Amino acid sequence: MTSQKQTIETNTLVIGASAAGLAVDACLKKQDIPHLLVEKTNQVGTAWRNH
240 MTSQKQTIET
250 NTLVIGASAA
260 GLAVDACLKK
270 QDIPHLLVEK
280 TNQVGTAWRN
290 H
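Be aware that the sequence shown starts at 240, since it is given in the numbering used here, and climbs by one per residue.
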C-alpha cells in the first residue's frame, strides 16, 4: 500500500468504508452534503472479508 498526501477542505469527514461508513456516505450524497470518505485499506468493506 502506498500512502499519498493530499490537502482537501471539508466540513464532514467519514472515517471507514465498512457498513456504517458506506451508509453514512450514501445518506450524505443523497442530501448533496459535501464530504470525504476515507479508508485505511485499499478496499471497501475489508472488515466483512476478515470475519
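Glycine included, C-beta positions come from ideal geometry on N, C-alpha and C.
Since the model is a prediction, treat every value here as computed from it, not as a measurement.
Asked: Tell whether a beta-carbon distance below 8 Å holds between L267 and L252.; Found: no
Asked: What residue range is occupied by the uninterrupted alpha helix (DSSP H) comprising V277?; Found: First-last for V277: 275-277, but that is the beta strand (DSSP E), not the alpha helix (DSSP H).
Asked: Taking all protein chains shown into account, do 16 or more other C-beta atoms lie within 10 angstroms of the C-beta of A256, making it buried, or fewer, making it exposed?; Found: buried
Asked: Less than 6 Å between C-beta atoms, sequence neighbours within five positions excluded: which residues of the same chain meet that for A262?; Found: none
Asked: Inspect the beta-carbon positions of P273 and T246 and report whether they are closer than 8 Å.; Found: no
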